[in-house]
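Per UniProt numbering, residue 1 is the first one in the sequence shown, and the count goes up by one each step.
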Amino acid sequence: MYGPPLGNGQSHYQQYENKFPSNGGFVPLPPGSSHSTAPFAGPPGYFPSQPAANSHHGGYPPTQAPVQTPMQSVQQPVLQHGKPAPWKSGFFARAPFMSFVAIGVALAACAAMGVILTKADRQPIDDWTTVSPTVLLAITTTVANPALHFAFGSAIDVAWWSRSLDKNRKLGDLHHTWALGASLGQTLKHAISHPYKFGVLVAILNGLVNINAPFLQRAITVSTTPVTSVIPLNLLASRELPQGFTASVEGRNKIIGFTQPAFGAIAQQYFTQQPIQVDPSVAAACAGGTCRGTMQGAGYDFGCFTTTIEIPSPSSPEATGDGFDVYNSTIEYDEAVYANGSTPKVIVEVGDPTFNYATVYKPSPGCSGTMRLSQCTIRSALVTYPIVITNGTLTLDPTTTYHDDTIVRHTPPEIFRQAPARSTHGGIALVLEGLFTSSSTTRFSGARGWSLNNQGSALVYQYASVNSSELGDEFACPVSWRDATPDVLAAARELIFRTAVGAANASLAQDQQTVQATQDRTVTIFVVNYAFAAVSLAVTLVTSLAILPLFAGFWRLGRTVSLSPLEIAKAFGAAPVAGVASNTDADGLLKQAGKLPICYGAVTGTDGRTQLKFARSDIVQRPKKGREYAG
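Okay, here's the thing in structure tokens:
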């Protein structure tokens, strides 16, 4: 601190600015001080008694320095001795707790890196809705790296002062220790000859620790992967169609007349292949993927057999008369049988087929050989269907056929009967008949050969195959057909499935069912590259642990140390801080000597030698280019 003002309100510096003291170079202290005089605190040359002739203060900035007498140079603020600071060594007294906390923070951040990477690996991005793991990893490096730099800087301070306590320690050793914390460039400059090899290693690690951030960024990427999970879905389907749901029954003969309006809409959706929409809750559950499962609903049990029949010869009555079918596709449906006179009465015996499909076709060209006959019975049943739900729409699994359906039970025969003036399944038969009833009849006409007569739906043309190379006047024999049975039964299967779903009533418990569906979806996930992660974690962990040995010897120190210029100057006995107690730390030095006006430059002493040093600003000259200065 500066000397206090005298009684007239002037400081010592002001009181003696233009006067010479009469005590031979001692500046009087204020009255009441413990000594009547105080010797000049600085060594010769710090505040020289007389500058060089015609010198000025180096352009700082006056152009002409005042001429000083020998004693004017000592007229500056004088530091009083502060309160002595005792030497307090010991483990707990000098333990660098803040540095240890910083290392602990870095280790905790390192552990957090590992936890985040482990938790994020192969997890969907959508699961990290609040904070992305990439953000969390960036935070860990942002916390860890400054903490390590702080701990390393503190460790260098401790190492410098601890090594300075060793006897016969060389100044070069202290310089090299300081260089470890100065910069990575200073460390590498003398890495080979450095006496503190472990310190060099730690300094390099500390200088390169920031590479953990880019390695950590490369450690986590995104990719896509198929994910399978099981989810419950609440679906609706009629297990048995409502009585008389599909068609009306007309006339005295009780034939199927027209489709009922509700079923007519379902049939129209089938014709246009309009998707079956599911409940929004089901659509949401399956969003972004495909749900597969099984559900129960009204359906059919198809029982088919195939046989062969001989093609009649040209001379046979079948060939020369009305002809015979070389292709025929027929839907047969009959649920009303007359009995007991004129009163219509439905008679359906258990096991009696009431819904049939039959087809005969010539599988190869030619007018001789065999034809195939397929006949199928269609029985009402409760069926378990394989289903697929995608983008909010429900379909039968396209990879399956009726062979993959499971028959739970057959519908009792009475369920299959018509309701008064209405038919439960007749509408489905009516639609199938319109789509698939067709025929091709051939007849032998003698010299004109074989002729064809096609009737019914376009099925006869759709499944025909013509060998054009054999066509000519004879156009009947080169034609062959494929079996339409699989497609007809697939249509019947889809139509009854759509009807079961469309006829469902959400208020009826029997129409409700919970399906355990398997959801397949492609999700974007985080993928961890553990090689990059290992590099990042290793650099952080090794650096954290390597810094600890640098604190060795901290218990020998007697105060909190730093490499502050004030603290170093005090240790080397520099004049500006000569009046401060010896064991004062950097904060105390700053408080007591921080306002002393000093400057670095050329200072001419009483012996005429000019040196480069710190001194009072008004007597320092700016160093001149090319000039050599005394030691």
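The beta carbon of each residue, even a glycine, is placed where N, CA and C say it ideally should be.
Helix, strand or coil for residue i, going by three-state DSSP, please let me know.
{"i": "Asn453", "result": "strand"}
{"i": "Ala492", "result": "helix"}
{"i": "Leu165", "result": "coil"}
{"i": "Tyr461", "result": "helix"}
{"i": "Pro486", "result": "helix"}
{"i": "Ser183", "result": "coil"}
{"i": "Leu241", "result": "coil"}
{"i": "Ser99", "result": "helix"}
{"i": "Cys291", "result": "strand"}
{"i": "Leu508", "result": "coil"}
{"i": "Trp481", "result": "strand"}
{"i": "Arg521", "result": "strand"}
{"i": "Ile276", "result": "strand"}
{"i": "Ala476", "result": "coil"}
{"i": "Pro312", "result": "coil"}
{"i": "Val105", "result": "helix"}
{"i": "Gln217", "result": "helix"}
{"i": "Thr228", "result": "strand"}
{"i": "Ala630", "result": "strand"}
{"i": "Ser617", "result": "helix"}
{"i": "Ser193", "result": "coil"}
{"i": "Pro133", "result": "helix"}
{"i": "Thr400", "result": "coil"}
{"i": "Thr370", "result": "strand"}
{"i": "Pro84", "result": "coil"}
{"i": "Pro124", "result": "strand"}
For the putative contact between residue i and residue j, defined by C-beta atoms under 8 Å, what is the C-beta separation to the nearest angstrom?
{"i": "Gly297", "j": "Ala500", "result": "4 Å"}
{"i": "Leu589", "j": "Asp157", "result": "Leu589 to Asp157, Cβ: 14 Å. No contact."}
{"i": "Met113", "j": "Leu137", "result": "6 Å"}
{"i": "Gly293", "j": "Leu233", "result": "7 Å"}
{"i": "Leu566", "j": "Trp161", "result": "No, Leu566 and Trp161 are not in contact; Cβ-Cβ is about 14 Å, not under 8 Å."}
{"i": "Tyr333", "j": "Ile256", "result": "7 Å"}
{"i": "Ala484", "j": "Leu459", "result": "6 Å"}
{"i": "Gly427", "j": "Ala285", "result": "With 8 Å as the limit, Gly427 and Ala285 do not qualify as a contact, their Cβ atoms being about 33 Å apart."}
{"i": "Val542", "j": "Ala219", "result": "About 17 Å separates the two Cβ atoms, so there is no contact after all."}
List the DSSP bridge partners of residue i.
{"i": "Leu382", "result": "Ala298, Arg409"}
{"i": "Ile116", "result": "None; Ile116 has no bridge partner."}
{"i": "Phe305", "result": "Gln375"}
{"i": "Glu250", "result": "Ile255"}
{"i": "Ser329", "result": "Thr359, Ser438"}
{"i": "Leu236", "result": "Gln512"}
{"i": "Arg443", "result": "Ser451"}
{"i": "Val388", "result": "Arg292, Thr395"}
{"i": "Ser423", "result": "Ala247"}
{"i": "Ser536", "result": "Its beta-bridge partners do not exist; DSSP assigns none."}
{"i": "Phe526", "result": "Val222"}
{"i": "residue 673", "result": "This structure does not reach residue 673, given that the chain is present from 1 up to 631, and the question cannot be answered."}
{"i": "Val466", "result": "Val479"}
In whole angstroms, what separates the C-alpha of residue i from that of residue j?
{"i": "Tyr402", "j": "Ala429", "result": "17 Å"}
{"i": "Thr441", "j": "Phe324", "result": "5 Å"}
{"i": "Arg379", "j": "Val278", "result": "27 Å"}
{"i": "Ala593", "j": "Pro576", "result": "7 Å"}
{"i": "Leu548", "j": "Thr560", "result": "17 Å"}
{"i": "Pro124", "j": "Val131", "result": "13 Å"}
{"i": "Phe100", "j": "Gln519", "result": "51 Å"}
{"i": "Asn206", "j": "Phe551", "result": "15 Å"}
{"i": "Ala509", "j": "Thr141", "result": "58 Å"}
{"i": "Thr602", "j": "Glu628", "result": "In the sequence as displayed, the identity of residue 602 is Ala instead of Thr. Ala602 and Glu628: Cα-Cα distance of roughly 10 Å."}
{"i": "Leu148", "j": "Lys189", "result": "22 Å"}
{"i": "Val135", "j": "Trp128", "result": "11 Å"}
{"i": "Ala464", "j": "Ser364", "result": "10 Å"}
{"i": "Thr63", "j": "Ile619", "result": "Note that Thr63 scores a pLDDT of 37, beneath 50, so its modelled location is shaky; the value from the coordinates is reported in the next line. Straight-line Cα distance between these residues: approximately 12 Å."}
{"i": "residue 633", "j": "Leu117", "result": "Lying outside 1 to 631, the shown extent of the chain, residue 633 is not represented and no answer is given."}
{"i": "Ala381", "j": "Val360", "result": "26 Å"}
{"i": "Met371", "j": "Val326", "result": "7 Å"}
{"i": "Asp397", "j": "Ala237", "result": "16 Å"}
{"i": "Phe258", "j": "Gln462", "result": "27 Å"}
{"i": "Cys291", "j": "Val408", "result": "23 Å"}
{"i": "Gln611", "j": "Ala630", "result": "5 Å"}
{"i": "Ala538", "j": "Thr225", "result": "29 Å"}
{"i": "Thr390", "j": "Val227", "result": "15 Å"}
{"i": "Arg498", "j": "Ala421", "result": "23 Å"}
Hey, is residue i close to the ligand FMN, as in C-beta under 8 Å from one of its heavy atoms?
{"i": "Thr437", "result": "With respect to small molecules bound, the structure shown includes none, and the ligand FMN cannot be examined in it."}
Secondary structure, beta strand (DSSP E): runs of 3+ residues fully inside the stretch 542–613: Entirely contained in the stretch 542–613, the beta strand (DSSP E) runs reaching 3 residues are, in chain order, 598–604.
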